[in-house]
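Quick notes on the structure that follows.
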Amino acid sequence: MKRKALFLDRDGVINVDYGYVHRQQDCVFVDGIFDLVRQANATGHRVVVVTNQAGIGRGYFSESQFVAFMNWMRRSFEERGARIDRVYFCPHHPVAGMGRYRQVCACRKPEPGMLNDAQRDLGLDMSASILVGDKPSDLDAGARAGVGRRFLFVGDRPGRAETESGIDVVTRLSDIGAALEETGIAAARV
Ligand SMILES: [Mg+2]
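Once you know that position 65 of the sequence shown is 65 in UniProt numbering, the rest is easy, because the numbers rise by one and skip nothing.
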């Protein structure tokens, strides 16, 4: 049986998006994210972070700083009994990137490159997978990669909610739990 994933955007979904967050002292976790990841672990979904990190290309922080921060973030999840399986990031920006980071790439969302890489690396069934993002570009990337369930997390900014076909707008991460149950291990046994 093919594996399923819970794809998570990072800034605005895992941590509060203050803009180019890259230090642990600036990291505030979004309410419900640990429960959601624990639930995905239990339902057999691979938890895959897909994140645009143009702050690298812009020179605000380095790739090694990003990796160190993500290692700390993953340990923070592990300490709470939750597991992030993979992290994919795009360091590029088509205009503001410096040096080799300035390019029109295939990975910066809404391009689906990171999702396609995950599909290949992990052998994922994309139609049975779930994506959570806080921007339309996240959802567009998911649609292009064939992700079956796509959630726009608007948190306490319900004014941003737009109704588009194929997209569920949620104000709480716990609202995504039902989709995990429907597509997870328990559902597969039926
Ligand atoms: Mg975001």
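Quick reminder that beta carbons are idealized off the backbone N, C-alpha and C, glycines included.
Put simply, the backbone Cα of P112 is about 10 Å away from that of L139.
K135 has its CB nearer than 8 Å to a heavy atom of ligand 1. In this structure, the alpha-carbon of V47 lies about 15 Å from that of R80. The three-state reading of DSSP puts D168 in strand, counting E and B together. Around the beta-carbon of R10, 16 or more other beta-carbon atoms lie within 10 Å, marking it buried. Looking from the CA of V170, the closest CA among E181, R144, V147 and K135 belongs to K135. Under the DSSP assignment, L36 falls in the alpha helix (DSSP H) whose first and last residues are I33 to A42. With a cut-off of 8 Å, the C-beta of D9 is classified as near ligand 1, since at least one heavy atom of the ligand falls inside that distance. Boundaries of the alpha helix (DSSP H) around A141: P136 to R144. In this structure A178 is exposed. Its beta-carbon is surrounded by fewer than 16 other beta-carbon atoms within 10 angstroms. Under the 10 Å beta carbon count, N41 is surrounded by 16 or more other beta carbons and is classified as buried.
One Cα belongs to G155, the other to R172, and the distance between them is close to 6 Å.
In the DSSP assignment, R74 falls within the unbroken alpha helix (DSSP H) covering E63 to E78. The alpha carbon of K4 has as its nearest neighbour, out of D125, H92 and V28, the alpha carbon of D125. L131 sits away from L36, with the two beta carbons spaced by 9 Å or more.
Exclusion of the five residues before and after Q24 leaves F69 and W72 as the residues of its chain whose Cβ lies within less than 7 Å of its Cβ.
For R120, the enclosing alpha helix (DSSP H) covers residues G113 to L122.
One thing to note: G44 has its Cβ within 9 Å of the Cβ of I185. The C-alpha of P94 lies about 9 Å from the C-alpha of A54.
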